[in-house]
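If you read the sequences in order, they're chains U and Y. The opening position of the first sequence corresponds to residue 1 in UniProt numbering, with each subsequent residue numbered one higher. The opening position of the second sequence corresponds to residue 1 in UniProt numbering, with each subsequent residue numbered one higher. Positions of the beta carbon are idealized from the N, C-alpha and C atoms, including for glycine. These numbers were taken from a predicted model, which means no experiment stands behind them.
Protein chains: 2
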Amino acid sequence: MTTAKRDTYTPETLLSVAVQVFNQRGYDGTSMEHLSKAAGISKSSIYHHVSGKEELLRRAVSRALDGLFGILDEEHARVGRAADRLEHVVRRMVEVLISELPYVTLLLRVRGNTETERWALERRRDFDHQVAELLKAAAADGDIRGDVEVRLATRLVFGMINSIVEWYRPDTRGASGREVADAVARLAFSGLRRA
Amino acid sequence: MTTAKRDTYTPETLLSVAVQVFNQRGYDGTSMEHLSKAAGISKSSIYHHVSGKEELLRRAVSRALDGLFGILDEEHARVGRAADRLEHVVRRMVEVLISELPYVTLLLRVRGNTETERWALERRRDFDHQVAELLKAAAADGDIRGDVEVRLATRLVFGMINSIVEWYRPDTRGASGREVADAVARLAFSGLRRA
Chain U
1 MTTAKRDTYT
11 PETLLSVAVQ
21 VFNQRGYDGT
31 SMEHLSKAAG
41 ISKSSIYHHV
51 SGKEELLRRA
61 VSRALDGLFG
71 ILDEEHARVG
81 RAADRLEHVV
91 RRMVEVLISE
101 LPYVTLLLRV
111 RGNTETERWA
121 LERRRDFDHQ
131 VAELLKAAAA
141 DGDIRGDVEV
151 RLATRLVFGM
161 INSIVEWYRP
171 DTRGASGREV
181 ADAVARLAFS
191 GLRRA
Chain Y
1 MTTAKRDTYT
11 PETLLSVAVQ
21 VFNQRGYDGT
31 SMEHLSKAAG
41 ISKSSIYHHV
51 SGKEELLRRA
61 VSRALDGLFG
71 ILDEEHARVG
81 RAADRLEHVV
91 RRMVEVLISE
101 LPYVTLLLRV
111 RGNTETERWA
121 LERRRDFDHQ
131 VAELLKAAAA
141 DGDIRGDVEV
151 RLATRLVFGM
161 INSIVEWYRP
171 DTRGASGREV
181 ADAVARLAFS
191 GLRRA
């Protein structure tokens, strides 16, 4: 667990510690006491920065959501054939997931017990919906196979991407974000079999 | 929550209730008290059937593991080109996951805090390893693309399959096990793009 010196504490480092604790104990199972211990600062020092743990949750999932929604504004997500835009979005989703791993992990584990969690779930559904629309457009163009229902295909591709949070560890000698993104794009669009 | 009449209680119905509670509360968060309440029978009646909650966990994950390992003994998993055997195994994994949904869900959520959980994780790793070996053999035959590392490909395909427990609900009007199995096999082996 990271601890930081009191005098160098910033909202950013506090957020980073909070996300670790949320991911480890679950958001529901985390108290201000746990956050105070993990951060190595008093509860009143935490309240100096934020109104409480729900604000930390909102900031953390916002960071993940901003990363994901930012993808949809990128030129390659807006211009070109739907199938190519979709491939760009899938590749970038993997990159954002890996570069913002603890934040996206937290986002994917949100349950909906508080207002902030329900807001996060709503935003996630909105994102998923926009990606599903891209898949639908690519199917209408005839670029995507017609024998797998769009909603099912979306779920399975998201399942493949989101599963990365379960095993990807940045500190192990393994594939880089770019390599995993290439692998996901190849499997999702062309499959395992050699053409 | 299912409740059953005391006089019709069998080890099978007790197991089915226990798995529901484990999946809802988490295995660690479930007490004999919770199981007794959910089953509508006394704790001593439960002890008449099993030695405790760990035995229920072992029986539940065994049912999932027996289903999965049973696939590897099927003729189409043993005879033929590795890529075709792999495709059979992937398709059947989806079918077993859906037919034994609560049991496989529990298996996938096992954390490793008790001996039974560690045993289950070990058996899961063994299964995953055997599927990875099949993928490796298919790559050696030249039937599987060479530009995605075998371990990474295995993880992503498992990620796609295992994600099904997060959204598949047997009671909603949706795809059948066979339809989901077809979709997974098509996406995993040939990808989204129209050839």
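What does S163 (chain U) reach in chain B if we use C-beta pairs closer than 8 Å?
The chain inventory of the structure shown lacks chain B, comprising the protein chains U and Y.
Can you give, in chain order, each stretch of the alpha helix (DSSP H) that sits fully within the stretch 114-184 of chain Y and has at least 4 residues?
Those alpha helix (DSSP H) runs which fall completely within the stretch 114-184 of chain Y and span 4+ residues are 115-140, 150-162 and 164-167.
Using only CA atoms, which one of U:V180, U:A175, U:F189 and U:W167 lies nearest to L156 (chain U)?
That would be U:F189, whose Cα lies nearest to the Cα of L156 (chain U).
Where are the alpha helix (DSSP H) runs, 4 residues long or more, that stay fully inside the stretch 44-80 of chain Y, in chain order?
List check, alpha helix (DSSP H) in window: 53-73 and 75-78.
What's the call for A195 (chain Y), buried or exposed, on a 16-neighbour Cβ count within 10 Å?
Taking all protein chains in view, the Cβ of A195 (chain Y) is surrounded by fewer than 16 other Cβ atoms within 10 Å, so the residue is classified as exposed.
Beta-bridge pairing of R193 (chain U) - partner residues as DSSP gives them
Y:I144, per the DSSP bridge assignment.
Would you say the stretch 119-131 of chain Y touches the stretch 131-138 of chain U, given that touching needs at least three Cβ pairs under 8 Å?
The way I'd put it, the stretch 119-131 of chain Y doesn't touch the stretch 131-138 of chain U; fewer than three beta-carbon pairs between them come closer than 8 Å.
Since N162 (chain U) contacts D28 (chain U) with CB under 8 Å, what's their CB separation in whole angstroms?
Their Cβ separation, rounded to whole angstroms, is 21 Å, which puts N162 (chain U) and D28 (chain U) out of contact at 8 Å.
8 Å is my cut-off, CB to CB: does A38 (chain U) come that close to chain Y?
So, not an interface residue.
Any contact of the stretch 137-148 of chain Y with the stretch 81-91 of chain Y, i.e. 3+ C-beta pairs under 8 Å?
By the Cβ test, the stretch 137-148 of chain Y is in contact with the stretch 81-91 of chain Y, since at least three Cβ pairs between them sit closer than 8 Å.
Since T116 (chain Y) contacts E54 (chain Y) with CB under 8 Å, what's their CB separation in whole angstroms?
That pair is a contact at about 5 Å.
With three or more C-beta pairs closer than 8 Å as the rule, is the stretch 164-178 of chain Y touching the stretch 55-69 of chain Y?
The stretch 164-178 of chain Y and the stretch 55-69 of chain Y do not touch, with fewer than three beta-carbon pairs separated by less than 8 Å.
Please classify T105 (chain Y): does DSSP put it in a helix, a strand, or coil?
In the three-state reduction of the DSSP assignment, T105 (chain Y) falls in the helix class, which pools H, G and I.
Anything in the stretch 95-114 of chain U with a Cβ closer than 7 Å to a Cβ of chain Y? List those residues in chain order, please.
The residues in question: there are none.
Close beta carbons around L97 (chain U), own chain, < 7 Å, minus the five adjacent residues each side:
The answer, listed in chain order, is V104, I161, I164 and V165.
Could you check the C-alpha separation between V180 (chain U) and R91 (chain U) for me, to the nearest Å?
The alpha-carbon separation between V180 (chain U) and R91 (chain U) amounts to approximately 9 Å.
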